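Trainee: Residue numbers for the sequence shown follow the working numbering, beginning at 6 and rising by one. Just so it is clear, CB atoms sit at the ideal spot from N, CA and C, and this is done for glycine as well. The structure displayed is predicted, hence computed values, not measured ones.
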Amino acid sequence: MIHWPFNLAVSHSLADNTATDNIVVALVDGQGHVGYGEGVPRSYVTGETVQGSLEALERDLAPLTLGASLEPEEALGWLEKQAGSQVVDRCPAAACAVETALLDLAGQIMERPVSALLSSAAPGPVTYSAVIPLLPPQMLPAILDQAKALNFKQVKVKVRREGAAELMAQVRRALGPQVHLRVDANGAWSAAEAVQTIRAMAPSKVEAVEQPVAKEDLEGLIQVAAQTEPLVLADESLCTMHDAKRLMDNRPGIGFNLRLSKCGGPARTKALLEMASRQGLACMLGCQVGELGLLSALGRHFAAVHQQLIYLEGCLTRFFMDRDLTQQDFTFGPGGAATPLTEPGLGVQVDTAALNGSRAFSLS
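Structure, rendered in structure tokens:
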């Protein structure tokens, strides 16, 4: 387990994050290849705690994986077939870490990037969004100046319960008319507050609103989607396959914010994306606060072969921390532009020194 502080506190209505707690898994095969995976348990999103994630690894997932024999092309989805969907629902970050390590191993053995194991589609370039957290008012102008200087095409803004319309007017004035803006309320509003606030933001031309109401308030989510113009995206309300089916049964027009760790790994995330695509629903690929280089690389692989994703977040490690697990810097370039990763497996070199002091347990 890794516990690293942020250089800048990352706050929203559900949490004030001053550090990241991440699970890292290293799997070694019989030929000495090492595959790495990462998960980010966030109890306020999925109910999964760090301790629960570690216990699930030791009790449920490691016994299934250690000593197992599987063909490399079976790695995607193998873990859920062995463990069952209920286990993945209960410990999605732990499952993501193990499945990612399996895919990293499989890609190395097959000499193919993880993206080729996720889809037969040719990988393409991707564009990341800027994400502006809740900030003290005096800090916001400098962050907006940085976003404008980097020429971001898409910007997401975290908003509080109050003052969102005024904040978005300030952001629109600073960034100009060409930027695609969306907001993330992290469940801060009631349905009535959300409708009123979103309508008040109309002059700022906000095109999407993420999780306007509390995660359990399905009726409120439906109400907001029915009564406002921007696309409504479910995030905390969309973690499992059951969540997705419930949303589609009740309100087919609500989009999905998929996150690899939140959703239980790449196989589950891919299944959710395909389910949504069959219904014509828009999906984005988000990230958990505090993702490090392994999840950054996995997100790049996933997005490169799933070009239908309307927004992409991730590769933010260097903005919030002065170190990473990987020797490579996956930070995107100007405008959020990034190219596919082409090396075998995840294509990362892990800085093993960065893992010093982080060992929770070792099994063989």
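Can you say whether N27 is buried or exposed, counting buried as having 16 or more other CB atoms within 10 angstroms of its CB?
Mentor: buried
Trainee: Where do the N-terminal and C-terminal ends of the alpha helix (DSSP H) with F324 fall, by residue?
Mentor: For F324, the enclosing alpha helix (DSSP H) covers residues T322 to F325.
Trainee: Grab me the residues of V15's own chain with a C-beta within less than 6 Å of its C-beta, minus the 5 sequence neighbours each way, in chain order.
Mentor: N22, P138 and V294
Trainee: Specify, as a first and last residue, the run of the alpha helix (DSSP H) that I227 falls within.
Mentor: Where I227 is concerned, the enclosing alpha helix (DSSP H) stretches over L223 to Q232.
Trainee: Which residues bound the alpha helix (DSSP H) around M49?
Mentor: It is Tyr, not Met, that sits at residue 49 in the sequence shown. S48 to T51 is the extent of the alpha helix (DSSP H) around Y49.
Trainee: Excluding the 5 residues preceding and the 5 following Q332 in the sequence, name in chain order all residues of the same chain whose CB lies nearer than 8 Å to its CB.
Mentor: V353, Q354, V355 and D356
Trainee: DSSP three-state call for D109: helix, strand or coil?
Mentor: helix
Trainee: Give a yes or no on whether the C-beta atoms belonging to A152 and L180 are separated by under 8 Å.
Mentor: yes
Trainee: Report the CB separation of D189 from K158 in whole angstroms; it is logged as a contact under 8 Å.
Mentor: By a beta-carbon distance limit of 8 Å, D189 does not contact K158. Their separation comes to about 17 Å.
Trainee: Spell out the partners DSSP gives L186 in its beta bridges.
Mentor: V160 and V211
Trainee: Taking only runs that begin and end inside the stretch 46 to 87, name each unbroken alpha helix (DSSP H) of 4 or more residues, in chain order.
Mentor: The qualifying runs are 48 to 51, 55 to 61 and 67 to 70.
Trainee: When the Cα atoms are used, what is the spatial distance from L226 to L81?
Mentor: The alpha-carbon atoms of L226 and L81 are separated by roughly 32 Å.
Trainee: When you compare the CB positions of E198 and L236, do they come within less than 8 Å of one another, or not?
Mentor: No, they are not a contact pair.
Trainee: Leaving out five residues on either side along the sequence, give the residues of the same chain with a beta carbon under 6 Å from the beta carbon of G319.
Mentor: Only C292, S301 and G304 meet the Cβ criterion.
Trainee: Given this structure, state the Cα-to-Cα distance separating A343 from A111, to the nearest angstrom.
Mentor: 24 Å
Trainee: What do you reckon, are the CB atoms on L19 and Y49 nearer than 8 Å?
Mentor: yes
Trainee: Between Q175, R166, A239 and H38, which lies nearest to L277 when the distance is taken from Cα to Cα?
Mentor: For L277, the nearest C-alpha among the options comes from A239.
Trainee: So, using beta-carbon positions, are Q113 and H185 closer together than 8 Å?
Mentor: no
Trainee: Report, in whole angstroms, the separation of the C-beta atoms of F261 and L286, which I expect to be a contact under 8 Å.
Mentor: 6 Å
Trainee: Relative to the C-alpha of V176, which candidate in K161, D248, R165 and R166 has its C-alpha closest?
Mentor: K161
Trainee: Let's test the definition: count the other Cβ atoms within 10 Å of the Cβ of G44 and tell me whether it reaches 16, buried, or not, exposed.
Mentor: Around the beta carbon of G44, 16 or more other beta carbons lie within 10 angstroms, which makes this residue buried.
Trainee: Which whole-angstrom value describes the C-beta separation of G350 and E104, a residue pair presumed to lie in contact below a C-beta threshold of 8 Å?
Mentor: The Cβ separation is near 13 Å, so there is no contact.
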